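Take a look at the structure below.
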Amino acid sequence: MIEIDFDAIYSQSKEQKNATLLAQFNQLTEFHYQHCQLYKNIIDTLGLAPTNGCLELVPFLSTQLFKELELVSVPKSQIIKTLTSSGTTSAKVAKIYLDADTAKLQAKSLVKIMQCFSGKQRLPMLFMEPSNLIADRRGFSARGAGVQGFALLGRDHHYALNPDMSINWQQLEQFFTKYQGQKVLIFGFTFMIWQYFYQAVSASGKTLPPLDAIVFHGGGWKKLAHLAVGKTQFNQAMQQLFGKAKVHNFYGMVEQTGSIFVECEHGHLHAPNCADIILRSEQDLSVINDFGQQGIIQVLSALPHSYPGHSILTEDLGRILGEDTCSCGRKGRYFEVLGRIKKSENRGCSDTYQEVSHD
Amino acid sequence: MTNNEKLVHLFSEALTIAPELVVDSLQYNTIPQWDSTAHMVLIAQLEAEFEIMLDTDDIIDMSSVAKAREILARYDIEF
Chain A
1 MIEIDFDAIY SQSKEQKNAT LLAQFNQLTE FHYQHCQLYK NIIDTLGLAP TNGCLELVPF
61 LSTQLFKELE LVSVPKSQII KTLTSSGTTS AKVAKIYLDA DTAKLQAKSL VKIMQCFSGK
121 QRLPMLFMEP SNLIADRRGF SARGAGVQGF ALLGRDHHYA LNPDMSINWQ QLEQFFTKYQ
181 GQKVLIFGFT FMIWQYFYQA VSASGKTLPP LDAIVFHGGG WKKLAHLAVG KTQFNQAMQQ
241 LFGKAKVHNF YGMVEQTGSI FVECEHGHLH APNCADIILR SEQDLSVIND FGQQGIIQVL
301 SALPHSYPGH SILTEDLGRI LGEDTCSCGR KGRYFEVLGR IKKSENRGCS DTYQEVSHD
Chain B
1 MTNNEKLVHL FSEALTIAPE LVVDSLQYNT IPQWDSTAHM VLIAQLEAEF EIMLDTDDII
61 DMSSVAKARE ILARYDIEF
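Quick note, the sequences are listed as chains A and B, same order.
According to UniProt numbering, the first sequence is numbered sequentially starting from 1.
According to UniProt numbering, the second sequence is numbered sequentially starting from 1.
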């Protein structure tokens, strides 16, 4: 199993990080090559090598493959949890198989990353979700996995929505009254916060007592594009809702739960020590080295042990803004996400609640 | 009830397992009953019973019954 140093999770600058990650990725690729026959077949068919001289040469799988194939690198008896993520235009579901070791690494990584933004103490926490989201404890949707992972960071968890996605005023008023003026954590998917919370609260005409909130939101902007809601407007809405709000967007995927990329105080998404991003050309998938140029995002994570998801080509477009030089002081690459590549499904965590969406 | 009896009782309640199964070597994620959902229930109950506030490091470090006792000892809970 990979040894990961989770302390000072944004501390490694380019050379050190590349050396550490390359060793970890060769070890991971070799492990999955030896233990997952389907993965071996793919690597062999493509004529790739499990051990490579630089990160850019580490083989990557498309997210699509996790929908087509059962990719797992440990005996099925060791699987304790299966995460699923479905595309909305197809019935195909991606399945991510977790053993105890991988689940533990994911939880630890998430906590160590988030501590950099919300501290070690566990704050009162409000989820922009219905409380019945996690019905089956052995299998989770991407949204369920997000809620369960982030729950570790808070205490006295409240849920803002009813199962039909209407506002649970009783829970909400209780939370806002109890913690008026105090530091709290808010977690939700971008689209859910906007559509089911912000718009509903605004329409109600009710005012809630002010909080001192740290808001973490992710899952993509795609669903808000037709409403022409961008980052500035979203962040302003959060100030209006919570009184005081520090807003952090995050980028992550169910295939690499735990090693998420969180937006810093300057609005840049940052790669922690245990993860990285590479950009590839939309034409031929060659590596784009120039900062500022748009490309398809490839994500690397040292956490996946029970399934070969350590190197994945996403269906997102992005742009690397710099490396080791962000004025927030965090080392590593920082970037922004620009949207989905054209041919991909309109997939996003918040899209999984499709029944009542308005488009 | 001694602190140890309280601890066994809380584990047994939160994980819905028999008290006899709450032994030092019992580890997180090795039985279906001790998953992350049960873990959060356990944490909330430990905090309420012993009147302490555990931080995020404590939560991810609490990987066995023995480890739970070790962490609680840091908050001056004697066993």
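Where is the CB? At the ideal position from N, CA and C, for every residue including glycine.
In this text, all values refer to a predicted model and were calculated from it rather than measured experimentally.
>> Let me see if you follow: with CB-CB separation under 8 Å, is B/I60 close to chain A or not?
In response: For B/I60, the answer is yes, since a Cβ of chain A falls inside 8 Å of its Cβ.
> Listing by chain order, which chain B residues have their CB less than 7 Å from the CB of A/K178?
Replying inline: In chain order: nothing, as chain B lies at least about 15 Å away.
> Among the residues of its own chain, which have a CB less than 8 Å from the CB of A/V147, if the five just before and after it don't count?
Replying inline: F127, E129, L133, I134 and F187
> At a Cβ cut of 9 Å, what residues of the stretch 31-50 of chain B count as close to chain A, listed as they run along the chain?
Replying inline: P32, D35, S36, T37, A38, H39, M40, I43, A44 and E47
>> Distance cutoff 8 Å, beta carbons only. Does B/T56 sit that close to anything in chain A?
In response: Yes, its Cβ sits closer than 8 Å to a Cβ of chain A.
> Excluding sequence positions up to five away, which residues of its chain have a Cβ less than 8 Å from the Cβ of A/H305?
Replying inline: Once the five neighbours on either side are set aside, the close Cβ partners of A/H305 are M1, I2, L28, F31, S73, V74, D99, D101, T102 and L105.
> Where A/N162 and A/S131 are concerned, what is the direct C-alpha to C-alpha distance, given to the nearest angstrom?
Replying inline: 7 Å
>> Taking 8 Å as the threshold (C-beta atoms), are A/A151 and A/H157 in contact?
In response: yes
> Going by the beta-carbon positions, is the gap between A/G318 and A/L285 smaller than 8 Å?
Replying inline: no
> Apart from the five residues just before and just after A/S13, which ones in its own chain have a Cβ nearer than 6 Å to its Cβ?
Replying inline: D324 and K331
> Interface residues of chain B around A/Q148 at Cβ under 8 Å?
Replying inline: S36 and T37
> Mind pulling the alpha helix (DSSP H) runs of 4 or more residues that sit fully within the stretch 9-66 of chain A?
Replying inline: 14-35 and 37-45
>> Assuming contact is defined by CB atoms lying nearer than 8 Å, are A/A160 and A/V184 in contact in what I supplied?
In response: no
>> Does A/C54 pass the burial test, meaning 16 or more other C-beta atoms within 10 Å, or should it be called exposed?
In response: exposed
> Does the beta carbon of A/I80 come closer than 8 Å to any beta carbon on chain B?
Replying inline: Against chain B, the CB of A/I80 has a partner CB under 8 Å away; the residue lies at that interface.
>> Short of 6 Å in beta carbon distance, which residues of its chain neighbour B/V23, apart from the five on each side in sequence? Order them along the chain.
In response: Spatial neighbours of B/V23 in its own chain (CB-CB distance under 6 Å, excluding positions within 5 residues in sequence) are not present.
> Contact check, A/N273 vs A/S11 under 8 Å by CB: the rounded distance?
Replying inline: 7 Å
>> For the pair the stretch 37-46 of chain A and the stretch 13-24 of chain A, tell me if three or more CB-CB distances fall below 8 Å.
In response: Too few Cβ pairs lie closer than 8 Å, so no.
> How about A/F25 and A/L338: do their beta carbons lie closer than 8 Å?
Replying inline: no
>> Within the continuous beta strand (DSSP E) that includes A/D99, where are the two ends?
In response: V93 to D99
> Does the stretch 229-247 of chain A touch the stretch 49-68 of chain A, meaning 3 or more C-beta pairs lie closer than 8 Å?
Replying inline: no
> How is the alpha helix (DSSP H) around B/M40 delimited, first residue to last?
Replying inline: For B/M40, the enclosing alpha helix (DSSP H) stretches over residues S36 to F50.
> Are the C-beta of A/Q115 and some C-beta of chain B separated by less than 8 Å?
Replying inline: yes
> Apart from the five residues just before and just after B/E20, which ones in its own chain have a Cβ nearer than 8 Å to its Cβ?
Replying inline: none
> In this structure, does DSSP put A/L152 in helix, strand or coil?
Replying inline: coil
>> Below 7 Å on C-beta distance, what does A/L153 contact in chain B?
In response: Going along chain B in sequence order, the residues near A/L153 (Cβ under 7 Å) are T56.
>> Tell me the rounded alpha-carbon separation between B/N4 and B/A66.
In response: Roughly 11 Å between the two C-alpha positions.
>> Could you give the first and the last residue of the continuous alpha helix (DSSP H) run that contains A/H226?
In response: That residue, A/H226, is in no alpha helix (DSSP H); it is neither H nor E in DSSP.
>> Out of A/G47, A/I9, A/L65 and A/F6, which one is the CA nearest neighbour of A/S311?
In response: A/L65
> Where does A/S85 sit, in a helix, a strand or coil, going by DSSP?
Replying inline: strand
> Contact check, A/A107 vs B/I31 under 8 Å by CB: the rounded distance?
Replying inline: About 17 Å; that fails the 8 Å criterion.
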